[in-house]
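A.B. asks: In our numbering, the protein residues as written are 1 to 234.
We treat Cβ as the ideally placed atom computed from N, Cα and C, and that holds for glycine.
Values in this document were obtained by computation on a predicted structure and should not be read as measured data.
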Amino acid sequence: MRTTFQDLGERESADAFSLQNAQLLKVELRDVTIQAKLGSMVAYQGDVSFEHAGMGGVGRFMKKALTGEGQRLMKVSGTGEVFLADTAQYVHLVHLEDDQLTVSGESLLAFDDGIDWDVERVKGASGVMGAGLFNTILKGTGWVALLTDGTPMVLDVASAPTFADAQAVVAWSAGVQTSLKTEFKAKNLIGRGSGETLQMAFSGAGWVLVQPSEGRPTVPTDGSGGGLGGLLGQ
């Protein structure tokens, strides 16, 4: 049989997390457990098990329920390889070394299970509701896989006053402080309209990752469908 698949084979890596291409992540489960976005598994090889990942405490459960931040997660463990993706979005890897990363919940694909996480409101957003105003804080050492809708850019926060649409912000590093800026004069000029009068302001030392999109529409699921969502339930 003739094919054109010669360059599409699996790519080997010494790292537990590695990109097979720009939109597909491979995780080597060498006695490693990860947490991944529920429904993001597209293939696996070996003896791999999947289970629902709990919220890890009442406090985090209540924050998620009240804010809507974060994704339903699954724990993946065993011996083998698991391949993860989400609607052909681009995948980017960050390795934390006793460090901190703040991520929009929709942009979080997977992370080492040993990394601690919590949900936090953007500074200055008290009494304000909206997408992007609650984010997931990841702390510790290990791999984190992020998703972007399109090719993102990294902005150096220390180089100039930096502002972005909250829905376009993917993640930012430790050392970056956030606040909110409201610009009513820009009501009909920025992004999709009046929703972008609320902007995030960044200061300090570090970087912010911004995607060329305000995010893809979220399709709600009740866990009753096919695939792992149906198997693992809520």
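Can you tell me which of the three DSSP states Glu120 falls into?
C.D. replies: In the structure shown, Glu120 sits in a strand (DSSP, three-state: E or B).
A.B. asks: With DSSP as the reference, label Gly9 as helix, strand or coil.
C.D. replies: Gly9: coil per DSSP, three-state reduction.
A.B. asks: Give the secondary structure of Glu97 by DSSP, where H, G and I count as helix, E and B as strand, and everything else as coil.
C.D. replies: Strand, per DSSP.
A.B. asks: How close, in whole Å, do the beta carbons of Thr178 and Val119 come, if the pair is a contact with beta carbons under 8 Å?
C.D. replies: Actually they are not in contact, since the Cβ atoms of Thr178 and Val119 sit about 14 Å apart, beyond 8 Å.
A.B. asks: Can you name the start and end residues of the beta strand (DSSP E) that Gly150 belongs to?
C.D. replies: Counting along the chain, Gly150 falls outside any beta strand (DSSP E), and DSSP gives it neither H nor E.
A.B. asks: To which residues does DSSP link Ala201 through a beta bridge?
C.D. replies: For Ala201, which the question treats as bridged, DSSP gives the partners Phe163 and Ser179.
A.B. asks: Can you look up Glu214 in the DSSP assignment and give me helix, strand or coil?
C.D. replies: DSSP places Glu214 in coil when its eight states are reduced to three.
A.B. asks: What span of residues does the beta strand (DSSP E) with Ser104 cover, start to end?
C.D. replies: Taken as a continuous stretch (DSSP letters only), Ser104 belongs to no beta strand (DSSP E), as it is neither H nor E.
A.B. asks: Taking just the CA atoms, how far does Trp143 sit from Phe111?
C.D. replies: C-alpha separation (whole angstroms): 6 Å.
A.B. asks: Looking at the structure shown, is Val32 part of a helix, part of a strand, or coil, going by DSSP?
C.D. replies: Coil, per DSSP.
A.B. asks: If you reduce the DSSP assignment to three classes, tell me which class Ala240 lands in.
C.D. replies: Nothing about residue 240 can be read from this structure; the chain reaches only from 1 to 234.
A.B. asks: Just to confirm, is the Cβ distance from Asp116 to Gly140 under 8 Å?
C.D. replies: Contact: yes.
A.B. asks: Taking just the CA atoms, how far does Leu146 sit from Ile26?
C.D. replies: Checking the sequence shown, residue 26 turns out to be Lys, not Ile. Cα to Cα, the separation comes out at about 13 Å.
A.B. asks: Run the CB neighbour count on Lys8, radius 10 Å, all protein chains shown included, and call it buried at 16 or more, exposed below.
C.D. replies: Going by the sequence as given, residue 8 is Leu instead of Lys. By the neighbour-count rule (16 or more Cβ atoms within 10 Å), Leu8 is not buried but exposed.
A.B. asks: At the level of alpha carbons, what is the spacing between Ala201 and Pro161?
C.D. replies: Each residue's alpha carbon lies about 8 Å from the other.
A.B. asks: Quick check on DSSP: helix, strand or coil for Ala171?
C.D. replies: Ala171: strand per DSSP, three-state reduction.
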